[in-house]
Structures are given as C-alpha cells and as structure tokens.
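Residue numbers (full-length UniProt numbering): 1 to 337.
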C-alpha cells in the first residue's frame with residue numbers, strides 16, 4: 001500500500017451487510033452460506049466492481065471509467081499498520097459498514113450494541129478473518145458539469161450498457177474526472193437478473209418478469225442521468241445544462257392520452273444482453289480475437305410491451321425501485337414469490 005503513487009485512490013471495501021446488496025430475501029437463507037455464496041459473485045459490492053471493471057478491460061474500453069489498477073488484499077502486517085494509522089476512527093469500521101440503511105447518525109450507528117460484525121460472520125476455511133480488500137483507482141475529483149460533459153456522460157452510459165453493464169447508481173458524486181467511477185451496485189451480464197435460462201425451473205411468467213426488471217434497471221440509468229442534471233441545475237442557476245436522456249426528462253412531462261390502451265410499448269436506449277458482439281472471443285485455433293465493430297452512438301432501441309400502469313410508474317417515478325426480490329431454491333437463484 002505504501003508504494004501506491006499519489007495519483008491513485010484506494011477505495012476500501014468493508015464488509016457490508018447483505019441487506020445492502022441484492023441477497024436472499026427469504027428468512028431461511030439469511031444465514032445460509034450456500035445461499036449467500038450463490039449471490040456473492042454477482043451482487044456483493046466488491047464483486048460488482050471487479051466484474052464491471054473487468055468487462056471494460058476485456059472489451060478494450062477502459063477509457064469509459066476512471067482508471068482501475070486492480071485490487072489489493074491486505075495481509076496481517078498491512079492491516080495492523082492501517083489500524084494504527086487510523087486508530088482515531090471507529091474500531092468497528094473494518095468489520096462493519098455504515099450506509100445509512102438503518103440510521104442517519106453514523107456515531108449512533110456504530111455505538112449500537114446490536115451492530116453485527118459482518119467480517120467474522122463467515123470466516124475463511126482455516127477459521128481466520130477474511131482479508132480487507134480494496135479497489136485501486138486513479139485519483140480524481142468532481143468537475144463542474146457543462147453541456148459537453150453531460151453529452152459525453154450520456155454517450156458513456158450507452159456505451160457501458162452496450163458492454164453489458166447496467167445499474168450504475170448514477171449521481172454527480174459518482175462522476176470523477178468527468179467519468180463513471182463507482183460500479184459497486186452494477187449488474188454485469190451474464191447475471192441471474194438477466195439470464196433466466198440459468199434456472200430450468202422458472203415459468204414463462206417469471207422469465208417475463210425478469211426481463212422487465214432488467215429493462216427497468218436500464219431505463220433507471222437514464223432516469224438517474226436526468227435527475228443528476230436536474231439537481232445540478234437546481235444548485236447552479238448560472239451554469240444551466242440542457243441535456244435530456246429520456247423523452248419525458250426530469251421532472252417528467254406528463255402527457256397522458258385519453259382512451260389509452262391497457263398495453264403499451266416503452267423503450268430504452270440499449271439492450272445490454274447484446275454485449276457479446278463487442279467483447280473478444282476464442283476462435284477455433286484457440287486464439288483470442290478482438291471484435292472490430294465500434295460501440296454505437298445510436299444503438300438499436302429496446303422496446304418492451306407492458307401495462308399502462310407500468311409505463312406510468314417508470315415515466316413518473318423519481319425512484320425506480322427493484323420490483324423483484326430473490327431467493328435461493330433447489331440450488332438456483334429465483335424470484336421470491
């Protein structure tokens with residue numbers, strides 16, 4: 001850690017409660033190691049970051065986010081050195097996390113006698129504590145948002161989604177050096193939230209629900225872009241930005257039509273399930289071949305048919321929350337009934 005250059009930034013990942021990432025929602029699986037292990041590679045924040053930055057590197061498009069140099073796992077000596085250096089901080093911090101999920105007061109949160117030590121909850125096979133982990137990224141800062149920067153951000157969201165990455169949790173605080181910087185909640189396809197064929201027990205009804213959930217997640221990335229620009233404009237009356245990701249913008253313009261049909265079509269800019277056309281493949285000679293096609297500035301739109309109520313929910317809601325909860329059942333991840 002001491003050898004890291006001053007141009008790098010270390011993002012420490014503590015051991016967040018599984019309540020703060022997509023994990024089994026059924027009570028029987030809350031302390032089930034097999035169930036949590038099934039979700040962990042896809043939705044635990046450290047795993048999300050590794051999968052997303054790995055995809056950008058694999059596809060040759062690392063320029064779409066801040067530079068990521070890799071990850072570090074701290075051995076005992078470096079952990080002790082870090083503890084000594086930051087001894088003034090809460091002793092629980094390396095083992096627990098504060099994310100505002102339960103309480104808005106950080107001091108009160110850490111002084112809660114019922115706070116669970118997430119790090120010791122699931123130890124290594126030899127009984128030792130799992131190592132502290134960190135993602136090492138290029139150091140940077142937030143910059144003023146302008147028209148060109150907002151247009152570039154919208155373009156990059158489309159590019160990243162074309163590479164199979166969505167659920168970007170976009171906000172101004174996440175834009176460092178004018179680029180995306182945080183993939184701790186991201187979905188990188190293939191994923192249980194995008195590939196229902198992984199579970200042979202799913203009915204067509206559940207497969208359709210998973211597809212709509214993925215669509216809503218992609219749509220949400222563009223809604224978050226519009227909200228980010230709206231909040232910037234609210235705080236910077238002298239630096240207004242006029243860039244819109246979705247037709248309705250934010251706040252959404254309401255254009256309800258009389259006698260609208262019960263089923264309607266809605267679109268978002270990208271279907272991330274088509275990511276394979278942009279990543280390398282192995283040919284018959286065993287060689288890795290890079291794709292020659294460029295990412296599209298105007299990719300094919302993804303249309304989906306859904307109820308009028310679902311259209312209103314997506315178009316008029318500020319917060320587009322997950323509609324599905326998940327469970328571990330018969331060795332597979334499945335939506336919770």
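We treat Cβ as the ideally placed atom computed from N, Cα and C, and that holds for glycine.
Which of the three DSSP states, helix, strand or coil, is assigned to residue 22?
The residue given as residue 22 occupies position 22 in the chain shown. Residue state, collapsed to three classes: coil.
Buried or exposed, going by whether 16 or more other CB atoms sit within 10 Å of the CB of residue 288?
In the chain shown, the residue the question calls residue 288 occupies position 288. With fewer than 16 Cβ atoms within 10 Å of its Cβ, residue 288 is classed as exposed.
What is the residue span of the beta strand (DSSP E) that residue 335 lies within?
Reading the chain shown from its first residue, position 335 is the one you call residue 335. Per DSSP, residue 335 belongs to the beta strand (DSSP E) from 332-335.
Over what stretch of residues does the beta strand (DSSP E) that includes residue 263 continue unbroken?
Walking along the chain shown from the start, residue 263 turns up at place 263. Segment 263-268, the beta strand (DSSP E) holding residue 263.
Any idea if residue 326 is buried or exposed, counting beta-carbon neighbours within 10 angstroms, 16 or more meaning buried?
Here residue 326 refers to the residue found at position 326 when the chain shown is read from its first residue. Answer is buried; the Cβ neighbour count reaches 16.
Unbroken beta strand (DSSP E) runs of length 3 or more, entirely within the stretch 131-215: which are they?
133-138
Distance, Cα to Cα, residue 334 vs residue 25?
By 1-based counting over the chain shown, the position of residue 334 is 334. By 1-based counting over the chain shown, the position of residue 25 is 25. Whole-angstrom Cα-Cα distance: 11 Å.
Who are the Cβ neighbours of residue 249 in its own chain at under 6 Å, not counting the five residues just before and after it?
Here residue 249 refers to the residue found at position 249 when the chain shown is read from its first residue. Closer than 6 Å at Cβ, skipping near neighbours: 226.
Report yes if the CB atom of residue 180 is closer than 7 Å to the CB atom of residue 65, and no otherwise.
As a first step, residue 180 is located in the chain shown; it is residue number 180 there, counting from the start. As a first step, residue 65 is located in the chain shown; it is residue number 65 there, counting from the start. It is a contact, given that the beta carbons lie within the stated cut-off.
When DSSP labels each residue in this structure, what does residue 300 get in the three-state scheme?
Numbered from 1 along the chain shown, position 300 holds the residue referred to as residue 300. Coil.
Would a C-beta distance cut-off of 7 Å place residue 185 and residue 164 closer than the cut-off?
Translated into the one-based positions of the chain shown, residue 185 becomes position 185. Translated into the one-based positions of the chain shown, residue 164 becomes position 164. Not a contact, by the Cβ cut-off of 7 Å.
Apply the 10 Å Cβ neighbour rule to residue 203 and answer buried if 16 or more other Cβ atoms are within range, or exposed otherwise.
For this step, residue 203 is matched to residue 203 along the chain shown. Classification of residue 203: exposed, given that the 10 Å Cβ count is below 16.
Could you pull out every residue in the same chain whose Cβ sits closer than 7 Å to the Cβ of residue 70, ignoring the five residues on either side in sequence?
To locate residue 70, count along the chain shown from 1; it is residue 70. Residues 136 of the same chain have their beta carbon placed closer than 7 Å to that of residue 70, with the five preceding and five following residues left out of the count.
What three-state label does DSSP hand residue 314 in the structure shown?
Sequence index remark: in the chain shown, residue 314 carries index 314 (1-based). Helix at residue 314.
Does DSSP classify residue 102 as helix, strand or coil?
Sequence index remark: in the chain shown, residue 102 carries index 102 (1-based). Since pLDDT at residue 102 reaches only 48, below the 50 mark, its modelled position is unreliable, and no value is offered.
When DSSP builds the beta bridges, which residues end up paired with residue 305?
Here residue 305 corresponds to residue number 305 of the chain shown, with the count starting at 1. Bridge partners of residue 305: 265.
Which residue wins for smallest C-alpha separation from residue 269, given the options 210, 217, 175 and 172?
Locating residue 269 in the chain shown gives position 269, where the first residue counts as 1. The residue from 210, 217, 175 and 172 with its alpha-carbon nearest to that of residue 269 is 217.
Can you tell me whether DSSP reads residue 86 as helix, strand or coil?
As a position in the chain shown, residue 86 is number 86, starting the count at 1. In this structure, residue 86 counts as coil in the three-state DSSP scheme.
Would you kindly work out how many angstroms separate the C-alpha atoms of residue 194 and residue 87, rounded to a whole number?
As a working mapping, residue 194 is identified with position 194 in the chain shown. As a working mapping, residue 87 is identified with position 87 in the chain shown. Answer to the nearest angstrom: the Cα atoms are 43 Å apart.
Quick one: what does DSSP say residue 350 is sitting in, helix, strand or coil?
No statement about residue 350 is possible, as the shown extent of the chain runs from 1 to 337 and does not include it.
Is residue 236 buried or exposed, if buried means 16 or more other CB atoms sit within 10 Å of its CB?
For this step, residue 236 is matched to residue 236 along the chain shown. Counting Cβ neighbours within 10 Å, residue 236 comes out exposed, since fewer than 16 surround it.
Here's the rule I'm using: 16 or more other beta-carbon atoms within 10 Å means buried, otherwise exposed. How should residue 302 be labelled?
For the purposes of this step, residue 302 is identified with residue 302 of the chain shown, where counting begins at 1. Note on residue 302: 16 or more other CB atoms within 10 angstroms of its CB, so buried under the neighbour-count rule.
Could you tell me whether the Cβ atoms of residue 132 and residue 170 are closer together than 7 Å?
The residue labelled residue 132 in the question sits at position 132 within the chain shown. The residue labelled residue 170 in the question sits at position 170 within the chain shown. In this structure, residue 170 does not lie closer than 7 Å to residue 132 by Cβ.
Only counting the same chain, and skipping five residues up and downstream in sequence, which positions put a Cβ closer than 6 Å to that of residue 52?
Looking up residue 52 in the chain shown gives position 52. Here the set comprises 165, 183, 186 and 188.
Beta strand (DSSP E) containing residue 246: first to last residue?
Taking the first residue of the chain shown as 1, we reach residue 246 at position 246. First-last for residue 246: undefined, no H or E at that position.
Continuous beta strand (DSSP E) stretch holding residue 240: start and end:
Position 240 of the chain shown, counted from the start, is the residue given in the question as residue 240. No residue range can be given for residue 240, since it is assigned to no beta strand (DSSP E) and is classified by DSSP as neither H nor E.
If you reduce the DSSP assignment to three classes, tell me which class residue 285 lands in.
Here residue 285 is taken as the residue at index 285 of the chain shown, counted from 1. Of the three classes helix, strand and coil, the one that applies to residue 285 here is coil, per DSSP.
Host beta strand (DSSP E) of residue 70 (start-end):
Here the question's residue 70 lines up with position 70 in the chain shown. Where residue 70 is concerned, the enclosing beta strand (DSSP E) stretches over 68-73.
In whole angstroms, what separates the C-alpha of residue 72 from that of residue 220?
What you label residue 72 is simply residue 72 of the chain shown in a count that begins at 1. What you label residue 220 is simply residue 220 of the chain shown in a count that begins at 1. Distance between the alpha carbons of residue 72 and residue 220 is about 31 Å.
What does the alpha-carbon distance come out to for the pair residue 176 and residue 40?
Here residue 176 corresponds to residue number 176 of the chain shown, with the count starting at 1. Here residue 40 corresponds to residue number 40 of the chain shown, with the count starting at 1. The alpha-carbon atoms of residue 176 and residue 40 are separated by roughly 27 Å.
Just verifying my parser: in three-state terms, what is the DSSP assignment at residue 38?
Sequence index remark: in the chain shown, residue 38 carries index 38 (1-based). Helix.
Per DSSP, what kind of secondary structure is residue 326 in: helix, strand or coil?
As a position in the chain shown, residue 326 is number 326, starting the count at 1. Residue 326 falls in the strand class under three-state DSSP.
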